[in-house]
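Notes follow once the structure below has been shown.
There are 2 protein chains.
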Amino acid sequence: MPLLGLLPRRAWAALLSQLLRPPCASCTGAVRCQSQVAEAVLTSQLKAHQEKPNFVIKIPKGTRDLSPQHMVVREKILDLVISCFKRHGAKGMDTPAFELKETLTEKYGEDSGLMYDLKDQGGELLSLRYDLTVPFARYLAMNKVKKMKRYHVGKVWRRESPSIVQGRYREFCQCDFDIAGQFDPMIPDAECLKIICEILSGLQLGDFLIKVNDRRIVDGMFAACGVPESKFRAICSSIDKLDKMAWKDVRHEMVAKKGLAPEVADRIGDYVQCHGGVSLVEQMFQDPRLSQNKQALEGLEDLKLLFEYLTLFGIAEKISFDLSLARGLDYYTGVIYEAVLLQTPTQAGEEPLNVGSVAAGGRYDGLVGMFDPKGHKVPCVGLSIGVERIFYIVEQRMKTKGEKVRTTETQVFVATPQKNFLQERLKLITELWDAGIKAEMLYKNNPKLLTQLHYCESTGIPLVVIIGEQELKEGIIKIRSVASREEVAIKRENLVAEIQKRLSES
Amino acid sequence: MPLLGLLPRRAWAALLSQLLRPPCASCTGAVRCQSQVAEAVLTSQLKAHQEKPNFVIKIPKGTRDLSPQHMVVREKILDLVISCFKRHGAKGMDTPAFELKETLTEKYGEDSGLMYDLKDQGGELLSLRYDLTVPFARYLAMNKVKKMKRYHVGKVWRRESPSIVQGRYREFCQCDFDIAGQFDPMIPDAECLKIICEILSGLQLGDFLIKVNDRRIVDGMFAACGVPESKFRAICSSIDKLDKMAWKDVRHEMVAKKGLAPEVADRIGDYVQCHGGVSLVEQMFQDPRLSQNKQALEGLEDLKLLFEYLTLFGIAEKISFDLSLARGLDYYTGVIYEAVLLQTPTQAGEEPLNVGSVAAGGRYDGLVGMFDPKGHKVPCVGLSIGVERIFYIVEQRMKTKGEKVRTTETQVFVATPQKNFLQERLKLITELWDAGIKAEMLYKNNPKLLTQLHYCESTGIPLVVIIGEQELKEGIIKIRSVASREEVAIKRENLVAEIQKRLSES
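So the sequence lines, in the order shown, correspond to chains S and E.
The numbering of the first sequence is the working numbering, which starts it at 1 and goes up by one.
The numbering of the second sequence is the working numbering, which starts it at 1001 and goes up by one.
The following block contains the structure:
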């Protein structure tokens, strides 16, 4: 080691990069292979290192593996979400993980710097999809689809500063439902809110509220307050931070960073404190400034109609007209909404969770037209369920309660108390598998009975079938219930039927 | 336009890039916005162009969207595959779409040039995953997991020359099942082959055969034929092409491109023509050259044991010991296998399909150790179902038969013959949704009854509930069967129960 201190900087770098290289393909990994050693700059010093290579196994920053425990929770939640989407007549679809870079640019406002680009390997310039909405709009335009109700569950990627604690990752799952097409006003929009309610109620996450606003009201409010039109989207994006930042900080950002006049910011400040039910909509019709603005009036008319439909759907009391809701993405043009949990599900001893919004969406009537060479528009409205946050809440709750989940669905374990019974076990398990029964056995020639029974207990397998010399001689099989430890002998030829009977009873 | 001919090359390029830009975020797309125009170099000439922007909407080369029709077929096939994996006790898991580049390098042999790299945006160097096996090995090593039976369904990405006709894409789905852990020989390996048989039989794709070999036999054969050890992997990768290329072309590649002596190539040629059942294993034990090779003998011993277990599983007749099977990937160390359809499912008028292998896998005992700082090994064996090819076969078959699939699951449609019945329809459909019934209606205030009934017929919705003035007055609802066109009147309060009764009967 002291030798290394004498090395010039470049030799150091070469040595380090050599040490950090993964072992080559034909190398076992235990000891680095000869061909690598031959390449080394400083052969003698290296050798000592190569026997303990200094590499760290990692996954990319902001990502994570999903363990079987995670997967079971996710599968249950996604099943509920997807079955709600299907209940409302949606079709499934999928798009590639990446799009041409130009498909995604200028769709996301201030967030577009967070896109993952692919390396130019001699071909098209590509980026990983940032959400499922822009690919959907591209799909509609490309295939000239004028009408479609679809859901899409898939991964999206954003290069955000990862904050693992809050359940935010750079790779995450989105669950979107969208209705594209020219329809009578507010009927699809109301259905989107109904779907959010059904899903959040179904998941039993506790009480929730859906904030609703309209981009035209937001813009009308900006105009009424004296925001120059060129600053609309930038100020919108500041307002969008109100759920995470205090008003005074948002005001500071608007004035100091975005050059808004202080008195204009204060006028906005008055509006963004307003929230309420349909009565607030009525009240805003009377607002001297807003009622002068044609756009804002259109938005208010639509919200009034929306509340009428929400009442018929029986969900009006879950909805709050909230003037502070702005939604950061550029593409919204009409109604916007965001669902928040009202009380985090705190059990005794549970840390209060700050999970932010659990569903959001809105109307985007211009996005499809951006992809159409002739600018033909297809009006759209949709929603995205914040499943990652929901996974996190459910996992935290299970952790607090000490709930465990089975990560396999195995119904029957094939065991033997004797040596040299592998052949019989293999024949038995084949019968079970071929009958569609979920079955496991240990991959050992001569496992101990206790080991086999322990395996069932620790993995939650309910039934064991046992074969030994006695059973083989008498043409029987023992069935053991893992929970009660009761054993019954049955005829070997009735095995499948007996198992199926027991499984259907439990 | 004539003006453009006079422009210098650089101005041309600037103009073109301007024309090809997507519209900006605040622009509706129909007419490009003012801020872009202001930026333009040649404002006056540009304007005429901007009204008909010349952009083409595309998706990345070698990728495709999955339409609702595709999704329905995929969902059915994946359900069958996953339920087989679960029947064998596997847990689900997932890993990120990308890994550190160094995690993936030197694992895939000649194919590693096909990896998608992400752009260096100031952070780690990342690549999209190329398969699900290397991430699994990384997961085991990173979490020090010594034993695991897991399945993983996910997308992988390879920059291959896309050949859309044969159903090959740059983004595709893999379905993997793997057993990691130190067990008695050939028991997990035999189970992998059993799983392939269950899945291929279950999918009813027609007769199939699983070719089996062992990397140690391949290497032993190379050694016995006189291939220098440094050329083993390169020659292996040539042999792997035998299913797509004729022997003479493979021989040419080995001799001309990879520098193998012609007589060595010819010796290999003799072996790779051999295939058969367990009797060929016995025959190879007697082979004067192979039987001198320790590695090859180990492989033959294991194959003999494997055939014993396959017989107990009742699948030995589906398996062919095939000395031409080599498998291109570097990481295999023992048994390798590949399933091929024996007769493509040709119906009258159907084109014969050349789909290649539909499942493959093998033993890779060294891969996990490559990720462990101390080189601790975790032996693994696994399989991958070629679902993309299977999707393709099933879709082609459906096309030939003219089979159509429903892309939604909607059970009930809410209709009205009268104007101004939106409110009543909304109330009715809420009842259905809240009872878990899959229901749709048209998003129109006053749709025509014929339009509504046509919608049901074209989308395959079986039941219609009809409400009009008469029904409202009498407190009844009409239920119509779309197929028989029969209508019955029921009491409004019995709606949900009556619908559920009819749905459970059908």
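The beta-carbon is built from N, C-alpha and C at its ideal position, and this holds for glycine as well.
Asked	Found
DSSP beta-bridge partners of L1463 of chain E	E:V1412, E:S1481
Partner residues on chain E for D443 of chain S, Cβ-Cβ distance less than 7 Å	Per the sequence presented here, residue 443 of chain S reads as Tyr, with Asp not at that position. Chain E residues near Y443 of chain S: F1183, D1184, I1187, P1188.
Per-residue DSSP class, three states only, for E424 of chain S	helix
Per-residue contacts from T63 of chain S into chain E (C-beta, under 8 Å)	P1096, F1098
Cutoff 8 Å: S238 of chain S Cβ touching any chain E Cβ	no
Classification of N213 of chain S by the beta-carbon crowding that lies within 10 angstroms, buried from 16 upward	buried
Residues sharing a beta bridge with N213 of chain S, DSSP	S:I336
Residue burial classification, P228 of chain S (beta-carbon count within 10 angstroms, cutoff 16)	exposed
Test item: CB-CB of V272 of chain S and L323 of chain S under 8 Å	yes
Cross-chain neighbours of S1161 of chain E in chain S, by beta carbon under 7 Å	Chain S residues near S1161 of chain E: none, gap ~11 Å exceeds 7 Å.
Start-to-end residues for the beta strand (DSSP E) that takes in E1106 of chain E	That residue, E1106 of chain E, is in no beta strand (DSSP E); it is neither H nor E in DSSP.
Buried or exposed (CB count within 10 angstroms, at least 16 for buried), R1216 of chain E	buried
Neighbourhood of L126 of chain S by C-beta, 8 Å cutoff - its chain only, sequence neighbours within 5 removed	F98, E99, L100, K101, D117, L118
Min CB distance G89 of chain S to chain E below 8 Å	yes
CB contact check: P68 of chain S to chain E, cutoff 8 Å	yes
Paired residues, beta bridge with K491 of chain S - DSSP	S:I476
Span separating the alpha-carbon of G540 of chain S from that of K1061 of chain E	Nothing can be reported for residue 540 of chain S: it is not among the residues displayed for chain S, which extend from 1 to 506.
The ligand COA heavy atom lying under 7 Å from the CB of E191 of chain S	Looking for the ligand COA in the displayed structure turns up nothing, as the structure carries no ligands at all.
Test: G362 of chain S CB closer than 8 Å to a CB of chain E	no
For K211 of chain S and P337 of chain S, believed in contact at Cβ under 8 Å, the rounded distance	The sequence given here has Tyr at residue 337 of chain S, not Pro. Going by Cβ atoms, the distance from Y337 of chain S to K211 of chain S rounds to 6 Å, so yes, they are a contact pair.
Collapsed DSSP secondary structure at Y1392 of chain E in the structure displayed	helix
Chain E contact for I59 of chain S (CB, 8 Å cutoff)	yes
Burial state of K1473 of chain E, where buried means 16 or more other Cβ atoms lie within 10 Å	exposed
G1382 of chain E - containing beta strand (DSSP E), residue span	1380-1385
Contact belief for E507 of chain S with F172 of chain S at Cβ below 8 Å, rounded distance in angstroms	Residue numbering for chain S in the displayed model covers 1 to 506; residue 507 of chain S lies beyond these limits and cannot be assessed.
Limits of the alpha helix (DSSP H) - the one that A1141 of chain E falls within	1133-1142
Short Cβ contact (8 Å threshold) for M1441 of chain E with V1414 of chain E	yes
Other residues of its chain near E493 of chain S: CB distance less than 6 Å, five sequence neighbours each side excluded	none
contact_flag[the region 253-264 of chain S, the region 273-284 of chain S] where n(CB pairs < 8 Å) is 3 or more	no
Contacts around L1297 of chain E, its chain only, beta-carbon distance under 7 Å, and the 5 residues preceding and following it disregarded	S1291
Residues of the region 407-435 of chain S whose Cβ lies closer than 7 Å to any Cβ of chain E, in chain order	T407, T408, E409, T410, Q423, L426, K427, T430, W433
Rounded straight-line distance, which links the Cα of P1135 of chain E to that of E301 of chain S	53 Å
Cβ-Cβ distance between T1416 of chain E and E1424 of chain E below 8 Å	yes
Cβ of L126 of chain S within 8 Å of any chain E Cβ	yes
Nearest-angstrom beta carbon gap, A1137 of chain E and F1321 of chain E [assumed within contact, 8 Å]	About 27 Å; that fails the 8 Å criterion.
Contact belief for G226 of chain S with R267 of chain S at Cβ below 8 Å, rounded distance in angstroms	7 Å
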